[in-house]
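Going by numbering that gives the first Met the number 0, the residue at position 82 of the sequence shown is 81; the numbering climbs one at a time, nothing skipped.
Just so you know, even glycine gets a beta-carbon here, dropped at the ideal spot from N, CA and C.
Owing to the predicted nature of the structure, the values given are computational and were not obtained by experimental measurement.
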Amino acid sequence: MPPVLELKNVTKIFQLKKGLFTKKKLYAVNNVSFEIQKGEFFSLVGESGSGKTTISKLILRLLKPDEGEILFLGKNIFKMKGEELKDYRKKIQVVFQNPYTSFNPLMKVKDIVKEPLDIHKIGSKKERLERVEEVLSLVNIPVEFMERYPDQLSGGQRQRIGIARALAVNPEIIIADEPVSSLDVSIQAQIINLFLKLHKELGITFLFIAHDLNLVRHLSDRIAVLYKGEVVDYGKTEEIFTNPKSKFTKELINSIPPIEF
Ligand SMILES: Nc1ncnc2c1ncn2[C@@H]1O[C@H](COP(=O)(O)OP(=O)(O)OP(=O)(O)O)[C@@H](O)[C@H]1O
Numbered sequence: 000m001p002p003v004l005e006l007k008n009v010t011k012i013f014q015l016k017k018g019l020f021t022k023k024k025l026y027a028v029n030n031v032s033f034e035i036q037k038g039e040f041f042s043l044v045g046e047s048g049s050g051k052t053t054i055s056k057l058i059l060r061l062l063k064p065d066e067g068e069i070l071f072l073g074k075n076i077f078k079m080k081g082e083e084l085k086d087y088r089k090k091i092q093v094v095f096q097n098p099y100t101s102f103n104p105l106m107k108v109k110d111i112v113k114e115p116l117d118i119h120k121i122g123s124k125k126e127r128l129e130r131v132e133e134v135l136s137l138v139n140i141p142v143e144f145m146e147r148y149p150d151q152l153s154g155g156q157r158q159r160i161g162i163a164r165a166l167a168v169n170p171e172i173i174i175a176d177e178p179v180s181s182l183d184v185s186i187q188a189q190i191i192n193l194f195l196k197l198h199k200e201l202g203i204t205f206l207f208i209a210h211d212l213n214l215v216r217h218l219s220d221r222i223a224v225l226y227k228g229e230v231v232d233y234g235k236t237e238e239i240f241t242n243p244k245s246k247f248t249k250e251l252i253n254s255i256p257p258i259e260f
């Protein structure tokens, strides 16, 4: 079976204006390669500006690479059209960083979670609502919350709703882009434990994006460390922690105190 997702020598260049008539090339993502196998918890770690969000935008086809390929189950995502592209959009779901801004405040929880099922026309009206109940229970949100609006929820509850929404269409992979960085520290551990549970119990494939290496240590099967757009360390989590190749990864390991769960 091919990897769920594979990046092959992907480069993304932004043209920055330097002066009135001069431009400078910024290699936001530079010759990046990694693969994510089915059922794997894979983390992409790097400091601010290292290219993490650009990579997730490339995977979501919101940007096009200047070089390289991105393959989903062996198929080039930039060659997909029509039904194949719709299917790709269904199979790759995202949990965003900020649960305060990622939902329509006028939509009830049940409609927020149901929306991907509506968009992809999955199931009958009744089946869609049953699926909403099912995924809410997976993220430990009581069923009575279905009638609430986002501003009636705490930050942690909102992020659980975001995760339920991503789960609704039974995706092949979930991209979680810094999903706990806007939450209180006390809530972060709860949400991290939820990701761990979903991965262990349901075998969901994750691409988890974070700036904190120690945060992803207990979650990840494998990690890629990004520095200035390049992958400087890539491999099994414990190998990276015991034998980091790059100076930057060593600094990351030593600079941040381990998180207790
Ligand atoms: N549309 C754009 N135009 C020009 N430069 C951009 C654009 N998007 C990103 N960049 C630059 O590309 C580099 C990588 O940005 P990116 O947002 O991918 O980093 P990041 O690792 O996700 O950072 P953060 O954790 O702060 O979100 C940065 O130097 C950023 O300023």
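With a floor of 4 residues, list each alpha helix (DSSP H) that falls wholly inside the stretch 16-81, ordered by position along the chain. You should have 51-58.
Spell out the partners DSSP gives L225 in its beta bridges. Stepping through the sequence shown from its first residue, residue 225 is reached at position 226. The partner list for L225 (beta bridge, DSSP) reads G45 and V230.
In whole angstroms, what is the alpha-carbon distance linking Q96 and G45? Position 97 of the sequence shown holds residue 96. Position 46 of the sequence shown holds residue 45. Looking at the two C-alpha atoms, the distance is approximately 15 Å.
Do you know whose CA, among F71, R157 and G122, lies nearest G104's CA? Position 105 of the sequence shown holds residue 104. Per the sequence shown, the amino acid found at residue 104 is Pro instead of Gly. The candidate whose alpha carbon is nearest that of P104 is R157.
With distances taken between CB atoms, is the gap from T241 to F40 smaller than 9 Å? As a working mapping, residue 241 is identified with position 242 in the sequence shown. As a working mapping, residue 40 is identified with position 41 in the sequence shown. No. Outside cutoff.
Can you tell me the Cβ-Cβ gap for V112 and A167, rounded? I've got them flagged as a contact below 8 Å. On the sequence shown, residue 112 is found 113 positions in, with the first residue counted as 1. On the sequence shown, residue 167 is found 168 positions in, with the first residue counted as 1. Indeed, because the Cβ distance is near 6 Å, the residues count as touching under 8 Å.
Rounded to whole angstroms, what's the CA-CA distance from H119 to L214? Just pull it up for me. By 1-based counting over the sequence shown, the position of residue 119 is 120. By 1-based counting over the sequence shown, the position of residue 214 is 215. Roughly 34 Å separates the two Cα atoms.
A182 versus F20 - alpha carbon distance: In the sequence shown, counting from the first residue as 1, residue 182 sits at position 183. In the sequence shown, counting from the first residue as 1, residue 20 sits at position 21. In the sequence under discussion, the amino acid at residue 182 is Leu, which differs from the Ala named in the question. Their backbone Cα atoms lie some 43 Å apart in a straight line.
Using only the alpha-carbon positions, how far apart do E229 and G122 sit? Taking the sequence shown and counting its residues from 1, one reaches residue 229 at position 230. Taking the sequence shown and counting its residues from 1, one reaches residue 122 at position 123. CA-CA distance, E229 to G122, rounds to 42 Å.
Shell residues, 5 Å Cβ cut-off relative to heavy atoms of ligand 1: Counting only heavy atoms of ligand 1, the residues whose C-beta sits closer than 5 Å to one of them are, along the chain, F13, A27, S47, G48, S49, G50, K51, T52 and T53.
Report the three-state DSSP secondary structure of T192 (helix, strand or coil). Residue mapping note: residue 192 aligns to position 193 of the sequence shown, counting from 1. The sequence shown places Asn at residue 192, rather than the Thr named in the question. Secondary structure of N192 (DSSP, three-state): helix.
Closest to E238 by C-alpha separation, out of I252, R164 and P170, would be which residue? Looking up residue 238 in the sequence shown gives position 239. For the options I252, R164 and P170, the alpha carbon positioned closest to that of E238 is the one of I252.
9 Å Cβ cutoff met for L59 and K51: In the sequence shown, counting from the first residue as 1, residue 59 sits at position 60. In the sequence shown, counting from the first residue as 1, residue 51 sits at position 52. No, the Cβ-Cβ distance between L59 and K51 is not below 9 Å.
For the candidate residues I35, G18 and K17, whose alpha-carbon lies nearest to that of I173? Residue numbering aside, residue 173 sits at position 174 when the sequence shown is read from its first letter. Closest by C-alpha distance to I173, out of I35, G18 and K17, is I35.
Cβ-Cβ distance between V142 and I160 below 9 Å: In the sequence shown, residue 142 corresponds to position 143, counting from 1. In the sequence shown, residue 160 corresponds to position 161, counting from 1. It is not a contact, given that the beta carbons lie outside the stated cut-off.
When DSSP labels each residue in this structure, what does F95 get in the three-state scheme? Stepping through the sequence shown from its first residue, residue 95 is reached at position 96. In the structure shown, F95 adopts coil according to DSSP, grouped into three states.
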